[in-house]
Amino acid sequence: MTFDWSVVWQHRDALAAGTVTTILLTVATMAIAVPCGIVVAILRLYAWRPIAALATAYVELFRNLPLILVVYWAFYVLPIMTGLGLSPLVTGLAALALNVTAYNAETFRAGINSIRRGQLDAAMALGMSRTQALRRVVLPQALRRILPVLASTWVSLFKDTSLVSVIAVTELAYVAMQIRAQTFRVLEMLTALAAIYWLLGYPQAKLVDWMQRRFVVTE
Amino acid sequence: MDFDFTVITSHARFLGSGIVTTLVLSVASGITSLAAGFVIALLRLYGARWLRPVVVLYIDSMRAIPVLVVLVWTFFALPILTGLTMPPFFAALLGLTVHLAAYVAEIVRAGVESVRPGQMRAAVALGMSRAQAVRRIVMPQALVRMLPAFGSLLSITIKDTAIASVIAVTELMRQSETLAGQSFQPIEVFSFAMLVYLVMLFPVTRGVDLFYRRVAHLGRS
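Chains as they are written, first to last, in my numbering: chain R, 1394 to 1612; chain W, 91 to 311.
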């Protein structure tokens, strides 16, 4: 068995471009999924019943579907439904955003619910209005609790972006597997792929651990 | 738009075999990763001191590498390294186990650490050996507390088996993709696949929740 690791270095530009796409995809998905998640959570908690039920149905649906199926579905069905010729990147982004929004909505809802009702009552007894109490007492504590969960969703999302490679989005996994197919250096390229993900993901996982220790809330 | 769901009924056996493979792979990798995860967690908690950094490195690495990459590496790269070729199903089982066992280990560790250390000390003070104390005092309480996390991990397992389609395991995702491509009816086929996954996943998450509510009191101390 001879291994030729120079193939990794030769394709550094393509791998770097793929890595950038992976990171951009993660950032863009989160940028969409955080505000949308807040909206869905608020709809679920405070909206008119049928709307709240709809929001709940959306969250439960996407939390119970494999992401790869959503990616395929978006790839085949979105163009038929919308009549638009969407690029793989936009399709992948849509699938990821639909998925992560559902998870974020659940996170925000749980965060708001986790603050004991007594706190809201106490704040109002002290003369605050309901919105004041929510803004000053409930939300600051809820956000502290949510932050580590959002961070770990971020890490999951970073890894899950690899799934959009199945619809030919030129992110890290797709690029590495293309080079593998062209050069037949299977072991070298796949190991490099794992190594790049490890180098990027490991510090993120450690950061999540630190945040979980740092942002502990005790009422 | 016209929908023609006869494509589902006329390929019932093809899709059915995919559903069976998904279920078998889910159950099999659930069992193996549970067993492996327990061993890893016990090594981390009670094993030799030099083992701990190794175990932590393994767990954190699995949290950093996508399961797709683990599966593809196991199926394509591992045979080159070892000279052994594996059928896709076993590569998927191995890859999923290596990945999920790390998560199981984290759940087990969190569960064990949630039992106050005073209980362990009290048990030892009463004359139990450490192993006895773990088996009789710590584990029974910790196991109940781990249940909700295991429930969500089981649903993650079922969802992750869909990624095995990438290495040609003929489970539901793969069969749906093939059928969608051949029949040119992706909407019907993928909608059916979605329905099947929902039917598989809902009882799991709801069932574990209900079961936990019935036994939760056993984990309190």
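Every residue, glycine too, gets a C-beta built ideally from N, C-alpha and C.
Query raised in the report: Taking only runs of the alpha helix (DSSP H) that begin and end inside the region 1428–1499 of chain R, which ones reach a length of at least 4 residues, in chain order?
Result: Counting only runs of 4 or more residues that sit fully inside the region 1428–1499 of chain R, the alpha helix (DSSP H) segments are 1442–1456, 1460–1475, in chain order.
Query raised in the report: On the premise that Arg235 (chain W) lies in contact with Gly309 (chain W), defined as a C-beta separation below 8 Å, what is that separation, rounded to the nearest angstrom?
Result: Looking up residue 309 (chain W) in the second sequence gives position 219. Looking up residue 235 (chain W) in the second sequence gives position 145. That pair is a contact at about 4 Å.
Query raised in the report: Looking at the C-beta of Val1548 (chain R), does it have a partner C-beta in chain W at a distance below 9 Å?
Result: Sequence index remark: in the first sequence, residue 1548 (chain R) carries index 155 (1-based). Taking Cβ atoms only, chain W reaches closer than 9 Å to Val1548 (chain R), which makes this a yes.
Query raised in the report: Excluding five sequence neighbours on each side, which residues of the same chain lie with their C-beta closer than 6 Å to the C-beta of Leu1489 (chain R)?
Result: Along the first sequence, read from residue 1 onward, the residue named residue 1489 (chain R) stands at position 96. Answer for Leu1489 (chain R): Thr1422, listed in chain order.
Requested in this report: Could you work out which residues of chain W lie near Pro1459 (chain R), taking near to mean beta carbons separated by less than 7 Å?
Outcome: The residue given as residue 1459 (chain R) occupies position 66 in the first sequence. The contact set of Pro1459 (chain R) on chain W, defined by CB atoms closer than 7 Å, consists of Lys249, Ala252, Met263, Tyr287 in chain order.
Query - As assigned by DSSP and simplified to three states, the class of Trp1603 (chain R) - result: As a first step, residue 1603 (chain R) is located in the first sequence; it is residue number 210 there, counting from the start. Collapsing the DSSP output to three states places Trp1603 (chain R) in a helix.
**Report entry** For Ala239 (chain W) and Met218 (chain W), the rounded distance between their alpha carbons
**Finding:** Here residue 218 (chain W) corresponds to residue number 128 of the second sequence, with the count starting at 1. Here residue 239 (chain W) corresponds to residue number 149 of the second sequence, with the count starting at 1. Whole-angstrom Cα-Cα distance: 29 Å.
Query - the region 1449–1461 of chain R in contact with the region 1572–1585 of chain R per 3-pair CB rule at 8 Å - result: The region 1449–1461 of chain R makes no contact with the region 1572–1585 of chain R, as fewer than three CB pairs between them are under 8 Å.
Requested in this report: Anything in the region 1448–1474 of chain R with a Cβ closer than 9 Å to a Cβ of chain W? List those residues in chain order, please.
Outcome: Residues passing the 9 Å Cβ filter: Glu1453, Leu1454, Arg1456, Asn1457, Leu1458, Pro1459, Leu1460, Ile1461, Leu1462, Val1463, Tyr1465, Trp1466, Phe1468, Tyr1469, Val1470, Ile1473, Met1474.
Query raised in the report: Under 9 Å between the Cβ atoms of Ala1544 (chain R) and Met1604 (chain R)?
Result: Residue 1544 (chain R) sits at position 151 when you count from the first residue of the first sequence. Residue 1604 (chain R) sits at position 211 when you count from the first residue of the first sequence. In this structure, Met1604 (chain R) lies closer than 9 Å to Ala1544 (chain R) by Cβ.
Report task. Give the straight-line distance between the Cα atoms of Glu267 (chain W) and Ala200 (chain W), rounded to the nearest whole angstrom. Result -> For the purposes of this step, residue 267 (chain W) is taken as the residue at position 177 of the second sequence. For the purposes of this step, residue 200 (chain W) is taken as the residue at position 110 of the second sequence. Distance between the alpha carbons of Glu267 (chain W) and Ala200 (chain W): 39 Å.
Query - Trp1402 (chain R) (DSSP reduced to helix, strand or coil) - result: Position 9 of the first sequence, counting from 1, holds the residue named residue 1402 (chain R). Here Trp1402 (chain R) sits in helix by DSSP.
Query raised in the report: With burial defined as no fewer than 16 other Cβ atoms inside 10 Å of the residue's Cβ, what is the status of Leu115 (chain W): buried or exposed?
Result: Reading the second sequence from its first residue, position 25 is the one you call residue 115 (chain W). With 16 or more Cβ atoms within 10 Å of its Cβ, Leu115 (chain W) is classed as buried.
**Report entry** Residue burial classification, Phe165 (chain W) (beta-carbon count within 10 angstroms, cutoff 16)
**Finding:** As a first step, residue 165 (chain W) must be located in the second sequence, where it is residue number 75. Taking a 10 Å sphere around the C-beta of Phe165 (chain W), we find 16 or more other C-beta atoms and assign the residue as buried.
Query raised in the report: Assuming Phe1501 (chain R) and Thr1484 (chain R) make a contact with CB atoms under 8 Å, what is their CB distance in whole Å?
Result: Translated into the one-based positions of the first sequence, residue 1501 (chain R) becomes position 108. Translated into the one-based positions of the first sequence, residue 1484 (chain R) becomes position 91. Contact between Phe1501 (chain R) and Thr1484 (chain R) fails: their C-beta atoms lie close to 26 Å from each other, not under 8 Å.
Requested in this report: Starting from the beta carbon of Ser1555 (chain R), find every residue of chain W whose beta carbon is closer than 7 Å, and list them in chain order.
Outcome: Stepping through the first sequence from its first residue, residue 1555 (chain R) is reached at position 162. The contacting residues are Pro156, Leu158, Val159.
Query raised in the report: Does the region 239–253 of chain W touch the region 1436–1448 of chain R, meaning 3 or more C-beta pairs lie closer than 8 Å?
Result: No contact exists between the region 1436–1448 of chain R and the region 239–253 of chain W.
Query raised in the report: If Phe128 (chain W) and Glu278 (chain W) are in contact, beta carbons under 8 Å, what's the gap, nearest whole angstrom?
Result: For the purposes of this step, residue 128 (chain W) is taken as residue 38 along the second sequence, with counting starting at 1. For the purposes of this step, residue 278 (chain W) is taken as residue 188 along the second sequence, with counting starting at 1. The C-beta distance from Phe128 (chain W) to Glu278 (chain W) rounds to 42 Å, too long to meet the 8 Å contact threshold.
Query - Assigned exposure category for Lys1599 (chain R) - 16 Cβ within 10 Å defines buried - result: Taking the first residue of the first sequence as position 1, residue 1599 (chain R) is located at position 206. When all chains shown are included, Lys1599 (chain R) counts as exposed.
Requested in this report: Identify which residue in R:Arg1607, R:Tyr1590, R:Val1609 has its Cα closest to the Cα of Asp150 (chain W).
Outcome: Along the second sequence, read from residue 1 onward, the residue named residue 150 (chain W) stands at position 60. If we check each option's Cα against that of Asp150 (chain W), R:Tyr1590 comes out closest.
Requested in this report: Indicate, with yes or no, if the ligand ZN has a heavy atom lying under 8 Å from the CB of Trp1441 (chain R).
Outcome: In terms of ligand content, the structure shown is empty, and the ligand ZN therefore cannot be addressed.
Query raised in the report: Near Leu1479 (chain R), what residues of its chain come up, given a Cβ to Cβ distance below 8 Å and the 5 sequence neighbours on each side ignored?
Result: The residue you call residue 1479 (chain R) lines up with position 86 of the first sequence. If you ignore the 5 residues before and after Leu1479 (chain R), its C-beta comes within less than 8 Å of the C-beta of Leu1471, Pro1472, Ala1487, all in its own chain and listed in chain order.
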